[in-house]
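Working notes, beginning with the structure itself.
Protein chains in written order, with my numbering: chain A, 153 to 527; chain B, 35 to 326.
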């Protein structure tokens with residue numbers, strides 16, 4: 153789960169990393185009032201995404217009038233699918249140097265990775281691609297933690313003009329935030345040295361590991377849950393993993409891998425998947441609510457049901473589908489592929505209650521569904 | 035992790051509903067379950083084996099090689115560290131939605147003690163006619179049969195499908211390794227590929243990957259050095275960027291973890307990459323000849 157800048161910065165302050173003085177505003181009037189108390193300021197759109205500057209969501213303002221006018225422009229703006237309804241108005245900082253600092257999880261080392269670069273304010277992917285020697289890295293074994301000596305060692309190739317010790321300490325504090333709040337990523341870009349020699353985090357990106365949300369209820373409450381469509385929200389309430397897509401072939405399968413693959417196979421035969429819906433794992437008894445959700449999407453013109461039972465039993469899942477199908481009586485064709493645990497019972501049930509046979513495999517069922525959606 | 039009939043298995047969380055159900059299935063199949071753990075029921079007998087308060091205690095009392103965990107997400111760290119401390123050879127973690135920080139602690143401790151971790155978020159592993167760990171339908175004769183194809187998969191359901199296709203074509207498996215759908219896992223695609231390659235009875239390997247991360251790319255480097263044929267399928271080619279496709283690890287971020295990157299790396303290493311799962315059998319027949 154991503155956090156907007158204003159929700160991430162308090163986590164930095166808590167461990168002693170300085171941020172500019174600032175306040176929130178939701179109207180141009182409020183923005184003017186905040187600006188009045190701050191003097192020259194920056195008006196920043198609060199949406200949980202990068203590239204806000206490029207999108208015009210960040211403006212430097214010299215006084216309250218300019219801040220009100222900038223706020224008027226930015227409020228309501230769409231940035232990467234998010235509508236701006238909140239602004240952070242911060243004091244302008246006279247910048248001497250701009251750095252980059254981050255701590256993130258690293259699947260390869262199975263631990264944490266600390267990053268630092270003197271090329272702050274840029275897209276870090278560009279730094280990594282174009283001047284990899286400028287991206288300093290330290291792998292951290294989580295059982296040992298971030299040691300100041302190791303961080304100093306990592307920083308040694310960089311010329312930090314005497315601020316090495318202070319920056320090393322800030323990086324260790326950043327690691328503290330990473331550990332304490334179950335971060336996937338905590339990134340400060342830029343971390344600046346001001347004209348009056350203070351080290352300040354001008355921006356902060358924080359994303360929390362979704363699996364840790366249950367044990368971080370207080371902090372998680374200030375995060376931005378993924379934006380869901382109406383159907384996705386309904387499915388989520390039912391405990392189903394449903395993702396709405398822009399095609400017309402509905403998909404129900406068990407297990408994430410098999411469901412993704414059914415999408416792939418539908419695409420391979422020239423069709424366009426209307427959704428991802430997985431009813432495996434703990435939710436394999438939820439075939440009926442699952443089908444209801446899939447059919448609520450008016451774009452769905454045909455449906456492929458692909459079960460491969462292991463832990464999830466085909467007969468339980470198929471029964472749920474048949475129950476819902478007979479009750480809802482939708483006016484679209486349905487195509488089954490059924491294999492694995494409970495398949496014999498499931499196939500018999502399909503024959504008896506719907507007078508249907510499953511297709512030989514997911515390829516033939518998907519192909520038939522794609523052709524049906526075309527008609 | 036290749037499970038053998040002689041391996042002694044501990045089940046942590048044996049008394050729960052899932053723990054009980056799958057312990058019975060494992061035992062029926064021939065898995066040598068020697069004890070279970072539940073601190074609240076220590077001293078009792080469940081599924082015909084003694085229940086101990088901890089893995090450390092089970093190691094002292096009966097000894098074991100592998101532990102399999104039927105434990106809820108927030109309690110996995112403690113249970114896994116217990117098994118590692120006990121001196122397990124390997125720990126199989128089935129649970130989904132374990133906080134990544136906990137997983138990192140487990141991985142660090144396991145590395146220090148030289149313990150193999152399978153998972154998290156895996157359905158387990160199967161060695162036909164010997165035993166299985168987790169919740170795989172090893173007992174289903176249409177899905178598992180002793181043979182010469184090594185199969186590894188990030189997804190349990192999709193791995194099951196490939197197992198089924200292989201058996202219905204007359205082949206069987208040397209072993210199946212479900213590595214799990216989480217972003218950080220103990221046994222990687224490359225690790226599992228190596229383990230299957232090193233089994234003498236393996237004649238070919240089916241690698242079932244998915245979008246997200248760089249494990250398939252790393253495995254490709256090893257595949258390039260292999261004599262045995264490798265056939266791969268990568269799920270998620272049609273998935274939109276930036277969405278977690280059911281598995282926490284199955285997500286394309288920017289240009290990382292894409293289908294194309296994986297397919298290109300594997301093909302460059304001489305691996306046959308399938309467009310759809312249906313093609314696996316045909317390629318196996320081509321490479322290995324008809325099955326007697």
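Just so it is clear, CB atoms sit at the ideal spot from N, CA and C, and this is done for glycine as well. These numbers were taken from a predicted model, which means no experiment stands behind them.
- Between residue 448 (chain A) and residue 383 (chain A), the C-beta gap is smaller than 8 Å, which places the two residues in contact.
- Around the beta carbon of residue 313 (chain A), a 10 Å sphere encloses fewer than 16 other beta carbons of the protein chains shown; the residue is thus reported as exposed.
- Among the CB atoms of chain B, one or more fall inside 8 Å of the CB of residue 425 (chain A).
- Within the same chain, and ignoring the five residues on either side of residue 471 (chain A) in sequence, the residues whose Cβ sits closer than 7 Å to its Cβ are 501.
- In chain order, 264, 303 and 305 place their CB closer than 6 Å to the CB of residue 257 (chain B), counting only its own chain and leaving out the 5 sequence neighbours on each side.
- DSSP places residue 474 (chain A) in the uninterrupted alpha helix (DSSP H) bounded by 466 to 480.
- Counting the other Cβ atoms within 10 Å of the Cβ of residue 422 (chain A) gives fewer than 16, which makes it exposed.
- Within the stretch 258 to 285 of chain A, contact with chain B at the beta-carbon level (separation under 8 Å) is assigned to 259, 260, 262, 263, 264 and 277.
- In the DSSP secondary-structure assignment, residue 491 (chain A) is bridged to A:460.
- Taking a C-beta cut-off of 8 Å against chain B, the contacting residues of the stretch 360 to 372 of chain A are 361, 362, 363, 364, 366 and 367, listed in chain order.
- Unbroken alpha helix (DSSP H) runs of no fewer than 4 residues, entirely contained in the stretch 181 to 261 of chain B, are found at 190 to 202, 223 to 231 and 249 to 257, following chain order.
- Within chain A, the C-beta atoms nearer than 7 Å to that of residue 139 (chain B) come from 294 and 295, in chain order.
- Beta bridge pairing from DSSP links residue 159 (chain B) with B:167 and B:211.
- The beta carbon of residue 213 (chain B) does not come within 8 Å of any beta carbon belonging to chain A, so the residue lies off that interface.
- Neighbourhood of residue 408 (chain A) in chain B, by CB distance below 7 Å: 189, 215, 279, 280, 281 and 284, in chain order.
- Residue contact check for residue 515 (chain A) against chain B: a CB pair falls below 8 Å.
- Nearest C-alpha to residue 172 (chain A) among A:185, A:180 and A:157: A:157.
- Only residues of its own chain outside the window of five on either side were considered, and among them 493 and 494 have a CB closer than 6 Å to the CB of residue 465 (chain A), listed in chain order.
- The continuous alpha helix (DSSP H) containing residue 370 (chain A) extends over residues 369 to 372.
- By the criterion of a C-beta distance shorter than 6 Å, residue 247 (chain A) is surrounded in its chain by 344, once the five residues flanking it on both sides are discounted.
- By the Cβ-count criterion, residue 311 (chain B) is buried, with 16 or more other Cβ atoms from all chains shown falling within 10 Å of its own Cβ.
- A residue is called buried when at least 16 other Cβ atoms come within 10 angstroms of its Cβ; residue 277 (chain A) does not meet this threshold and is exposed.
- Of all residues in the stretch 390 to 402 of chain A, only 393, 395 and 397 place a beta-carbon less than 8 Å from a beta-carbon of chain B.
- Among the bridge pairs identified by DSSP, residue 258 (chain A) is matched with A:263.
- Selection B:113, B:165 and B:261 evaluated against residue 60 (chain B) yields B:165 as nearest (Cα-Cα).
- Of the candidates A:190, A:205, A:395 and A:189, A:205 places its Cα closest to the Cα of residue 196 (chain A).
- Inclusion of residue 499 (chain A) and residue 485 (chain A) in the CB contact set at 8 Å is not warranted, their separation being larger than that value.
- Closer than 8 Å to the CB of residue 431 (chain A) there is not a single CB belonging to chain B.
- Short of 6 Å from the beta carbon of residue 393 (chain A), and not among the five residues preceding or following it, lie these beta carbons of its own chain, in chain order: 430.
- With three or more CB-CB distances shorter than 8 Å, the stretch 404 to 423 of chain A counts as touching the stretch 183 to 201 of chain B.
- Per DSSP, residue 342 (chain A) is one residue of the beta strand (DSSP E) stretching across 335 to 346.
- Interface annotation for the stretch 223 to 234 of chain B against chain A: empty, criterion Cβ-Cβ distance under 7 Å.
- Counting only runs of at least 3 residues, the stretch 397 to 426 of chain A fully encloses the following beta strand (DSSP E) elements, listed from N- to C-terminal order: 401 to 405.
- Between residue 99 (chain B) and the set B:67, B:220 and B:105, the nearest pair of CA atoms involves B:67.
- With its beta carbon less than 8 Å from one in chain A, residue 170 (chain B) belongs to the interface.
- For residue 390 (chain A), there is no enclosing alpha helix (DSSP H), since its DSSP letter is neither H nor E.
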